[in-house]
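Enquirer: Just so we're aligned, residue 2 is where the sequence shown starts under this note's numbering, counting upward by one. Here's a structure for you.
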Amino acid sequence: MIRDTAGQDVILQPKSKSRYGMYAAVALLVVVLIVMLVQRWQRAAATDMTVPRASVQIATVSTGDVLRDLSVQGKVVAANSPTLYSTAQGIVTYEVKAGDRVKSGQLLAQLDSPQTTSQLKQQQATLAQLQGELEQHRIKAQRDLLEKQQAQDLAEVDLNAAKRELQRNADARQDKVISDRDYQRSKDELARAEVVFKQSEASLELARQSIRYEEETLAQQIKAQQLLVAEWQRQADNLQVLSPVDGMVGSLAEAQKAAVPAYQPLLTVVDLSGYEVEVMVPESYANELALSMPVEIASDGRQYPGQIAAISPEITNGQVVARLRFSAETPAQIRQNQRLSGRILLENRLQVVRVDRGSFVDSDNGRSVFVVEGNQARRVPLTLGASGFKYVEITSGVKPGQQVIVSDTSRFKTADSLLLTD
(Lines of atoms letter the chains of each structure in order from A; the text may use other names.)
(Lines give C-alpha, C1' and ligand atoms only; values in the text may rest on other atoms or scores of the structure.)
Protein backbone atom coordinates (compact mmCIF):
# COMPACT_ATOMS: atom_id res chain seq x y z
CA MET A 2 0.00 0.00 0.00
CA ILE A 3 1.46 3.28 -1.03
CA ARG A 4 1.32 6.14 1.55
CA ASP A 5 0.19 9.61 0.59
CA THR A 6 2.19 12.81 1.28
CA ALA A 7 -0.18 14.16 3.82
CA GLY A 8 2.36 13.67 6.53
CA GLN A 9 4.87 15.91 4.78
CA ASP A 10 2.54 18.86 4.24
CA VAL A 11 3.17 22.07 6.32
CA ILE A 12 0.32 24.33 7.09
CA LEU A 13 1.31 28.00 6.34
CA GLN A 14 -0.19 30.70 8.64
CA PRO A 15 -1.23 33.99 6.97
CA LYS A 16 1.10 36.99 7.66
CA SER A 17 -0.05 39.50 10.27
CA LYS A 18 -1.28 42.89 9.05
CA SER A 19 0.56 44.62 11.92
CA ARG A 20 3.87 43.48 10.54
CA TYR A 21 3.08 45.13 7.22
CA GLY A 22 2.26 48.38 9.09
CA MET A 23 5.57 48.32 10.90
CA TYR A 24 7.45 47.88 7.68
CA ALA A 25 5.53 50.77 6.17
CA ALA A 26 6.32 53.06 9.14
CA VAL A 27 10.00 52.23 8.97
CA ALA A 28 10.01 52.91 5.27
CA LEU A 29 8.23 56.22 5.79
CA LEU A 30 10.69 57.26 8.50
CA VAL A 31 13.58 56.45 6.23
CA VAL A 32 12.03 58.54 3.49
CA VAL A 33 11.50 61.48 5.88
CA LEU A 34 15.08 61.28 7.09
CA ILE A 35 16.30 61.16 3.53
CA VAL A 36 14.18 64.19 2.66
CA MET A 37 15.46 66.10 5.71
CA LEU A 38 19.02 65.23 4.90
CA VAL A 39 18.50 66.28 1.32
CA GLN A 40 16.92 69.58 2.43
CA ARG A 41 19.73 70.22 4.91
CA TRP A 42 22.25 69.38 2.27
CA GLN A 43 20.51 71.74 -0.13
CA ARG A 44 20.49 74.53 2.47
CA ALA A 45 24.10 73.89 3.33
CA ALA A 46 24.96 73.83 -0.33
CA ALA A 47 23.15 77.16 -0.78
CA THR A 48 25.18 78.82 2.02
CA ASP A 49 28.86 79.53 2.35
CA MET A 50 29.35 78.40 5.94
CA THR A 51 27.59 76.49 8.69
CA VAL A 52 27.65 78.07 12.16
CA PRO A 53 26.08 76.94 15.46
CA ARG A 54 23.41 79.44 16.47
CA ALA A 55 24.68 79.43 20.04
CA SER A 56 28.07 80.75 18.91
CA VAL A 57 26.70 84.06 17.65
CA GLN A 58 24.81 86.87 19.34
CA ILE A 59 21.61 88.01 17.66
CA ALA A 60 19.83 91.32 18.34
CA THR A 61 16.68 92.92 16.99
CA VAL A 62 16.83 96.26 15.18
CA SER A 63 14.62 98.86 16.90
CA THR A 64 13.82 102.56 16.98
CA GLY A 65 14.99 104.76 19.85
CA ASP A 66 17.55 107.25 21.10
CA VAL A 67 21.28 106.81 20.57
CA LEU A 68 23.60 108.61 22.92
CA ARG A 69 26.86 109.21 21.08
CA ASP A 70 29.68 109.11 23.56
CA LEU A 71 33.38 108.53 23.93
CA SER A 72 34.88 106.13 26.47
CA VAL A 73 38.00 107.45 28.17
CA GLN A 74 40.43 106.32 30.85
CA GLY A 75 42.23 108.62 33.23
CA LYS A 76 43.69 109.21 36.66
CA VAL A 77 42.49 111.25 39.59
CA VAL A 78 44.35 114.52 40.15
CA ALA A 79 43.78 117.32 42.63
CA ALA A 80 41.83 120.22 41.20
CA ASN A 81 44.00 122.56 43.24
CA SER A 82 47.58 121.63 44.18
CA PRO A 83 49.55 124.86 44.66
CA THR A 84 53.33 124.85 44.68
CA LEU A 85 54.88 127.12 47.31
CA TYR A 86 58.11 129.00 46.52
CA SER A 87 60.88 130.67 48.48
CA THR A 88 60.58 134.46 48.52
CA ALA A 89 64.25 135.10 49.28
CA GLN A 90 67.61 133.43 49.39
CA GLY A 91 68.18 131.55 52.62
CA ILE A 92 68.19 128.30 54.58
CA VAL A 93 64.93 126.33 54.57
CA THR A 94 63.65 124.49 57.64
CA TYR A 95 60.66 122.22 57.03
CA GLU A 96 58.05 121.87 59.77
CA VAL A 97 56.12 119.06 58.03
CA LYS A 98 56.78 115.88 56.06
CA ALA A 99 55.35 114.60 52.79
CA GLY A 100 51.92 113.09 53.38
CA ASP A 101 51.11 115.14 56.48
CA ARG A 102 47.58 116.55 56.76
CA VAL A 103 47.63 120.33 57.14
CA LYS A 104 45.16 123.15 57.78
CA SER A 105 44.90 126.47 56.01
CA GLY A 106 47.34 128.94 57.59
CA GLN A 107 49.48 126.23 59.20
CA LEU A 108 53.25 126.79 59.23
CA LEU A 109 54.91 124.46 56.71
CA ALA A 110 58.46 125.78 56.44
CA GLN A 111 60.65 128.69 57.52
CA LEU A 112 63.38 130.52 55.64
CA ASP A 113 66.34 132.05 57.44
CA SER A 114 67.34 135.03 55.26
CA PRO A 115 69.78 137.46 56.96
CA GLN A 116 69.64 139.77 53.94
CA THR A 117 65.87 140.21 54.19
CA THR A 118 65.99 140.75 57.96
CA SER A 119 68.80 143.30 57.62
CA GLN A 120 67.03 145.21 54.86
CA LEU A 121 63.85 145.37 56.94
CA LYS A 122 65.72 146.82 59.92
CA GLN A 123 67.51 149.37 57.73
CA GLN A 124 64.29 150.54 56.15
CA GLN A 125 62.59 150.73 59.54
CA ALA A 126 65.48 152.86 60.86
CA THR A 127 65.24 155.19 57.85
CA LEU A 128 61.50 155.55 58.43
CA ALA A 129 62.04 156.40 62.09
CA GLN A 130 64.65 159.01 61.09
CA LEU A 131 62.27 160.65 58.62
CA GLN A 132 59.48 160.69 61.17
CA GLY A 133 61.86 162.35 63.66
CA GLU A 134 62.84 164.94 61.08
CA LEU A 135 59.17 165.70 60.48
CA GLU A 136 58.53 166.27 64.19
CA GLN A 137 61.63 168.43 64.44
CA HIS A 138 60.52 170.42 61.41
CA ARG A 139 57.11 171.00 62.96
CA ILE A 140 58.66 172.33 66.17
CA LYS A 141 60.99 174.63 64.25
CA ALA A 142 58.11 175.75 62.05
CA GLN A 143 56.04 176.66 65.09
CA ARG A 144 58.95 178.68 66.48
CA ASP A 145 59.47 180.49 63.18
CA LEU A 146 55.77 181.24 62.88
CA LEU A 147 55.74 182.64 66.41
CA GLU A 148 58.65 184.92 65.56
CA LYS A 149 56.99 186.05 62.33
CA GLN A 150 53.70 186.59 64.12
CA GLN A 151 55.45 188.59 66.81
CA ALA A 152 57.13 190.76 64.19
CA GLN A 153 53.78 191.39 62.54
CA ASP A 154 52.14 192.25 65.84
CA LEU A 155 54.93 194.70 66.70
CA ALA A 156 54.67 196.25 63.25
CA GLU A 157 50.94 196.65 63.78
CA VAL A 158 51.56 198.33 67.13
CA ASP A 159 54.06 200.69 65.53
CA LEU A 160 51.59 201.42 62.74
CA ASN A 161 48.82 202.30 65.16
CA ALA A 162 51.19 204.46 67.19
CA ALA A 163 52.31 206.29 64.04
CA LYS A 164 48.69 206.93 63.12
CA ARG A 165 47.93 208.40 66.54
CA GLU A 166 51.10 210.48 66.46
CA LEU A 167 50.19 211.87 63.06
CA GLN A 168 46.70 212.76 64.32
CA ARG A 169 48.10 214.61 67.35
CA ASN A 170 50.60 216.47 65.22
CA ALA A 171 47.85 217.43 62.79
CA ASP A 172 45.79 218.91 65.64
CA ALA A 173 48.83 220.64 67.07
CA ARG A 174 49.71 222.07 63.68
CA GLN A 175 46.28 223.67 63.42
CA ASP A 176 46.81 225.25 66.82
CA LYS A 177 50.26 226.46 65.70
CA VAL A 178 51.86 224.38 68.46
CA ILE A 179 54.34 222.42 66.29
CA SER A 180 56.13 223.28 63.15
CA ASP A 181 55.32 221.97 59.73
CA ARG A 182 58.59 220.09 59.79
CA ASP A 183 57.53 218.02 62.79
CA TYR A 184 54.22 217.31 61.14
CA GLN A 185 55.90 216.02 57.97
CA ARG A 186 58.21 213.87 60.06
CA SER A 187 55.21 212.17 61.69
CA LYS A 188 53.77 211.49 58.24
CA ASP A 189 57.02 209.82 57.23
CA GLU A 190 56.96 207.71 60.38
CA LEU A 191 53.44 206.55 59.51
CA ALA A 192 54.48 205.62 55.98
CA ARG A 193 57.46 203.69 57.32
CA ALA A 194 55.25 201.86 59.82
CA GLU A 195 52.81 200.92 57.06
CA VAL A 196 55.64 199.49 54.93
CA VAL A 197 57.02 197.49 57.85
CA PHE A 198 53.55 196.13 58.66
CA LYS A 199 52.88 195.03 55.07
CA GLN A 200 56.28 193.34 54.87
CA SER A 201 55.66 191.53 58.15
CA GLU A 202 52.31 190.28 56.83
CA ALA A 203 53.90 189.03 53.60
CA SER A 204 56.79 187.47 55.50
CA LEU A 205 54.35 185.60 57.79
CA GLU A 206 52.34 184.25 54.85
CA LEU A 207 55.51 183.22 53.00
CA ALA A 208 56.76 181.42 56.10
CA ARG A 209 53.46 179.56 56.37
CA GLN A 210 53.64 178.45 52.71
CA SER A 211 57.27 177.38 53.09
CA ILE A 212 56.53 175.39 56.23
CA ARG A 213 53.52 173.74 54.55
CA TYR A 214 55.59 172.78 51.48
CA GLU A 215 58.47 171.39 53.53
CA GLU A 216 56.06 169.41 55.69
CA GLU A 217 54.30 167.94 52.65
CA THR A 218 57.69 166.99 51.17
CA LEU A 219 58.71 165.20 54.34
CA ALA A 220 55.30 163.52 54.52
CA GLN A 221 55.73 162.18 50.97
CA GLN A 222 59.18 160.87 51.85
CA ILE A 223 57.75 159.17 54.91
CA LYS A 224 54.92 157.65 52.84
CA ALA A 225 57.40 156.29 50.30
CA GLN A 226 59.54 154.92 53.08
CA GLN A 227 56.51 153.31 54.70
CA LEU A 228 55.84 151.48 51.43
CA LEU A 229 59.41 150.20 51.42
CA VAL A 230 59.08 149.06 55.01
CA ALA A 231 55.76 147.36 54.21
CA GLU A 232 57.34 145.54 51.24
CA TRP A 233 60.28 144.32 53.27
CA GLN A 234 57.94 143.40 56.10
CA ARG A 235 55.88 141.36 53.62
CA GLN A 236 59.02 139.60 52.44
CA ALA A 237 60.03 138.95 56.02
CA ASP A 238 56.56 137.57 56.81
CA ASN A 239 56.77 135.36 53.72
CA LEU A 240 59.86 133.73 55.17
CA GLN A 241 57.26 131.73 57.07
CA VAL A 242 55.65 129.48 54.45
CA LEU A 243 51.99 128.89 55.36
CA SER A 244 49.50 126.43 53.87
CA PRO A 245 47.01 128.18 51.55
CA VAL A 246 44.39 125.38 51.82
CA ASP A 247 43.24 122.50 53.96
CA GLY A 248 44.85 119.42 52.49
CA MET A 249 47.92 117.24 52.46
CA VAL A 250 51.60 117.88 51.82
CA GLY A 251 52.38 116.43 48.42
CA SER A 252 56.16 116.51 48.17
CA LEU A 253 59.17 118.39 49.53
CA ALA A 254 61.38 119.85 46.82
CA GLU A 255 64.49 120.39 48.97
CA ALA A 256 66.36 118.67 51.77
CA GLN A 257 66.08 119.84 55.36
CA LYS A 258 68.31 122.89 56.09
CA ALA A 259 69.18 123.24 52.41
CA ALA A 260 70.33 126.58 51.00
CA VAL A 261 67.86 127.76 48.37
CA PRO A 262 67.81 130.77 46.03
CA ALA A 263 64.87 133.10 45.70
CA TYR A 264 61.77 131.84 43.85
CA GLN A 265 62.78 128.19 44.26
CA PRO A 266 59.97 125.57 44.62
CA LEU A 267 59.84 124.32 48.21
CA LEU A 268 56.82 122.00 48.43
CA THR A 269 53.35 121.29 47.06
CA VAL A 270 50.07 121.12 48.96
CA VAL A 271 47.20 118.99 47.64
CA ASP A 272 43.71 120.38 48.22
CA LEU A 273 41.67 117.34 49.27
CA SER A 274 38.34 119.13 48.91
CA GLY A 275 38.25 118.90 45.12
CA TYR A 276 39.34 116.25 42.63
CA GLU A 277 39.33 116.05 38.84
CA VAL A 278 39.98 113.21 36.41
CA GLU A 279 42.70 113.80 33.83
CA VAL A 280 41.95 111.83 30.65
CA MET A 281 43.54 111.42 27.23
CA VAL A 282 41.25 111.98 24.24
CA PRO A 283 42.18 110.91 20.68
CA GLU A 284 43.09 113.78 18.39
CA SER A 285 40.19 112.93 16.05
CA TYR A 286 37.71 113.98 18.76
CA ALA A 287 39.54 117.16 19.77
CA ASN A 288 37.35 119.51 17.73
CA GLU A 289 34.18 118.03 19.24
CA LEU A 290 35.17 118.73 22.83
CA ALA A 291 33.87 121.82 24.61
CA LEU A 292 33.99 123.19 28.12
CA SER A 293 31.05 122.19 30.36
CA MET A 294 30.22 119.24 28.07
CA PRO A 295 28.43 116.58 30.18
CA VAL A 296 30.32 113.44 31.19
CA GLU A 297 29.78 110.36 33.35
CA ILE A 298 32.55 109.11 35.63
CA ALA A 299 32.48 105.51 36.87
CA SER A 300 33.69 104.70 40.39
CA ASP A 301 32.89 101.70 42.60
CA GLY A 302 30.14 100.54 40.27
CA ARG A 303 28.35 103.90 40.26
CA GLN A 304 28.05 106.59 37.63
CA TYR A 305 28.74 110.16 38.78
CA PRO A 306 27.68 113.12 36.61
CA GLY A 307 30.31 115.67 35.70
CA GLN A 308 31.49 118.04 33.03
CA ILE A 309 34.63 118.94 31.09
CA ALA A 310 36.53 121.48 33.19
CA ALA A 311 39.59 122.07 31.00
CA ILE A 312 40.96 121.16 27.58
CA SER A 313 44.64 121.34 26.73
CA PRO A 314 45.40 123.53 23.69
CA GLU A 315 48.24 121.21 22.70
CA ILE A 316 48.22 117.78 21.04
CA THR A 317 50.79 115.31 22.36
CA ASN A 318 51.37 111.93 20.71
CA GLY A 319 48.07 112.18 18.87
CA GLN A 320 46.07 112.85 22.04
CA VAL A 321 44.57 115.81 23.85
CA VAL A 322 44.55 116.13 27.64
CA ALA A 323 41.19 117.02 29.20
CA ARG A 324 40.04 117.32 32.79
CA LEU A 325 36.68 116.04 34.02
CA ARG A 326 35.12 117.62 37.10
CA PHE A 327 32.42 116.09 39.30
CA SER A 328 29.24 118.18 39.09
CA ALA A 329 27.77 117.34 42.47
CA GLU A 330 28.71 114.37 44.62
CA THR A 331 32.33 113.25 44.74
CA PRO A 332 33.14 109.58 45.55
CA ALA A 333 34.08 109.24 49.20
CA GLN A 334 36.99 106.83 48.77
CA ILE A 335 38.62 108.55 45.82
CA ARG A 336 42.42 108.87 45.95
CA GLN A 337 45.13 110.80 44.15
CA ASN A 338 46.37 108.99 40.97
CA GLN A 339 43.52 106.45 41.18
CA ARG A 340 42.54 105.06 37.77
CA LEU A 341 38.95 105.79 36.69
CA SER A 342 36.95 105.41 33.51
CA GLY A 343 34.41 107.78 32.08
CA ARG A 344 32.21 108.67 29.15
CA ILE A 345 32.10 112.01 27.37
CA LEU A 346 28.55 112.56 26.09
CA LEU A 347 29.11 114.05 22.65
CA GLU A 348 25.61 113.92 21.09
CA ASN A 349 22.11 112.55 21.72
CA ARG A 350 20.31 111.27 18.57
CA LEU A 351 16.54 111.04 19.06
CA GLN A 352 14.27 108.34 17.58
CA VAL A 353 16.65 106.75 15.09
CA VAL A 354 17.03 103.18 13.82
CA ARG A 355 19.40 101.46 16.21
CA VAL A 356 20.76 98.11 17.30
CA ASP A 357 22.76 96.86 20.26
CA ARG A 358 26.42 97.74 20.00
CA GLY A 359 28.56 94.68 19.37
CA SER A 360 31.85 93.50 17.95
CA PHE A 361 30.39 93.46 14.43
CA VAL A 362 31.04 97.22 14.32
CA ASP A 363 34.79 96.57 14.31
CA SER A 364 34.73 93.36 12.26
CA ASP A 365 34.04 95.06 8.93
CA ASN A 366 34.28 98.68 10.04
CA GLY A 367 30.49 98.63 10.21
CA ARG A 368 30.08 98.34 6.43
CA SER A 369 28.04 95.11 6.46
CA VAL A 370 25.95 92.94 8.76
CA PHE A 371 24.37 89.46 8.67
CA VAL A 372 20.56 89.60 8.66
CA VAL A 373 18.99 86.49 10.24
CA GLU A 374 16.00 84.91 8.46
CA GLY A 375 15.02 81.61 10.04
CA ASN A 376 18.03 79.31 9.98
CA GLN A 377 19.93 81.38 7.48
CA ALA A 378 21.81 84.66 7.69
CA ARG A 379 22.83 86.72 4.70
CA ARG A 380 25.28 89.59 4.52
CA VAL A 381 23.83 92.98 3.54
CA PRO A 382 25.55 96.36 3.11
CA LEU A 383 25.24 98.64 6.12
CA THR A 384 25.80 102.29 6.92
CA LEU A 385 26.26 103.31 10.54
CA GLY A 386 25.69 106.71 12.09
CA ALA A 387 26.32 107.77 15.66
CA SER A 388 28.00 105.20 17.86
CA GLY A 389 27.19 105.03 21.55
CA PHE A 390 28.15 102.96 24.56
CA LYS A 391 25.03 100.76 24.31
CA TYR A 392 23.59 101.32 20.82
CA VAL A 393 24.76 102.25 17.34
CA GLU A 394 22.69 104.18 14.83
CA ILE A 395 21.86 102.55 11.47
CA THR A 396 21.25 104.98 8.64
CA SER A 397 20.72 102.37 5.89
CA GLY A 398 20.80 98.60 5.29
CA VAL A 399 18.26 97.15 7.71
CA LYS A 400 14.85 98.07 9.12
CA PRO A 401 13.32 97.94 12.59
CA GLY A 402 12.15 94.45 13.50
CA GLN A 403 14.86 92.60 11.58
CA GLN A 404 17.34 90.45 13.46
CA VAL A 405 21.07 90.78 12.87
CA ILE A 406 24.24 89.17 14.19
CA VAL A 407 25.97 91.70 16.48
CA SER A 408 28.83 89.51 17.69
CA ASP A 409 32.26 89.26 16.08
CA THR A 410 31.92 88.29 12.40
CA SER A 411 35.56 88.59 11.41
CA ARG A 412 35.77 84.80 10.98
CA PHE A 413 33.04 85.03 8.31
CA LYS A 414 34.97 87.42 6.06
CA THR A 415 34.73 85.14 3.03
CA ALA A 416 31.08 84.20 3.58
CA ASP A 417 28.07 86.07 2.28
CA SER A 418 25.53 83.66 3.80
CA LEU A 419 25.46 81.43 6.88
CA LEU A 420 23.50 78.37 7.92
CA LEU A 421 22.61 78.57 11.62
CA THR A 422 22.32 75.16 13.25
CA ASP A 423 20.86 74.30 16.64
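Glycine included, C-beta positions come from ideal geometry on N, C-alpha and C. Please read these numbers as outputs of a predicted model, since none were measured by experiment.
(1) Figure out for me which residue from 238, 147 and 336 has the closest Cα to the Cα of residue 100.
(2) From the DSSP secondary-structure annotation, give me the bridge partner or partners of residue 69.
(3) Considering just the uninterrupted stretch of the alpha helix (DSSP H) at residue 214, what are its terminal residues?
(4) Drop a sphere of 10 angstroms on the beta-carbon of residue 410, count the other beta-carbons inside from all chains shown, and report buried for 16 or more, exposed for fewer.
(5) Is the beta carbon of residue 356 sitting closer than 9 Å to the one on residue 393?
(6) Terminal residues of the continuous beta strand (DSSP E) containing residue 380?
(7) Nearest to residue 352 by CA position, among 56, 329 and 68, is which residue?
(8) Which residues does DSSP pair with residue 409 in a beta bridge?
(9) Cβ atoms of residue 244 and residue 270: under 9 Å apart, would you say?
(10) Tell whether a beta-carbon distance below 9 Å holds between residue 279 and residue 324.
(11) Hey, quick one: how far does the beta strand (DSSP E) through residue 299 stretch, first residue to last?
(12) Give a yes or no on contact between the segment 396–415 and the segment 51–60, applying the rule of three or more CB pairs nearer than 8 Å.
(13) Hey, out of 327, 27, 78 and 85, whose CA is closest to residue 265's CA?
(14) With H, G and I counted as helix, E and B as strand and the rest as coil, what does DSSP make of residue 255?
(15) Please report the straight-line C-alpha distance between residue 114 and residue 88, rounded to a whole angstrom.
(16) Buried or exposed for residue 349, please, with buried defined as at least 16 other CB atoms from any protein chain shown within 10 angstroms of its CB.
(17) Kindly list the residues whose CB is nearer than 7 Å to the CB of residue 234, restricted to its own chain and excluding five residues on each side of it in sequence; keep chain order.
Expert: Here's the rundown:
(1) As a working mapping, residue 100 is identified with position 99 in the sequence shown. Out of 238, 147 and 336, 336 has the C-alpha closest to the C-alpha of residue 100.
(2) Within the sequence shown, the letter at position 68 stands for residue 69. Looking at the DSSP assignment, residue 69 forms a beta bridge with 348 and 389.
(3) For this step, residue 214 is matched to residue 213 along the sequence shown. For residue 214, the enclosing alpha helix (DSSP H) stretches over residues 181–238.
(4) Translated into positions along the sequence shown, residue 410 becomes position 409. The residue is buried, with at least 16 neighbouring Cβ atoms inside 10 Å.
(5) Position 355 of the sequence shown, counting from 1, holds the residue named residue 356. Position 392 of the sequence shown, counting from 1, holds the residue named residue 393. Taking 9 Å as the Cβ cut-off, residue 356 and residue 393 qualify as a contacting pair.
(6) For this step, residue 380 is matched to residue 379 along the sequence shown. For residue 380, the enclosing beta strand (DSSP E) covers residues 377–382.
(7) For the purposes of this step, residue 352 is taken as residue 351 along the sequence shown, with counting starting at 1. Comparing Cα positions, the closest option is 68.
(8) Here the question's residue 409 lines up with position 408 in the sequence shown. Beta-bridge pairing links residue 409 to no other residue.
(9) Counting from 1 along the sequence shown, the entry for residue 270 is found at position 269. Counting from 1 along the sequence shown, the entry for residue 244 is found at position 243. Yes, the Cβ-Cβ distance between residue 270 and residue 244 is below 9 Å.
(10) In the sequence shown, the residue the question calls residue 279 occupies position 278. In the sequence shown, the residue the question calls residue 324 occupies position 323. Yes, Cβ-Cβ distance for residue 279 and residue 324 is below 9 Å.
(11) Position 298 of the sequence shown, counted from the start, is the residue given in the question as residue 299. Element bounds for residue 299: 295–300.
(12) yes
(13) Residue mapping note: residue 265 aligns to position 264 of the sequence shown, counting from 1. Answer by Cα proximity: 85.
(14) Here the question's residue 255 lines up with position 254 in the sequence shown. When DSSP states are grouped into helix, strand and coil, residue 255 belongs to the coil group.
(15) Position 113 of the sequence shown, counted from the start, is the residue given in the question as residue 114. Position 87 of the sequence shown, counted from the start, is the residue given in the question as residue 88. Rounded to the nearest angstrom, the two C-alpha atoms are 10 Å apart.
(16) For the purposes of this step, residue 349 is taken as residue 348 along the sequence shown, with counting starting at 1. That one is exposed.
(17) Residue 234 sits at position 233 when you count from the first residue of the sequence shown. Around residue 234: 121.
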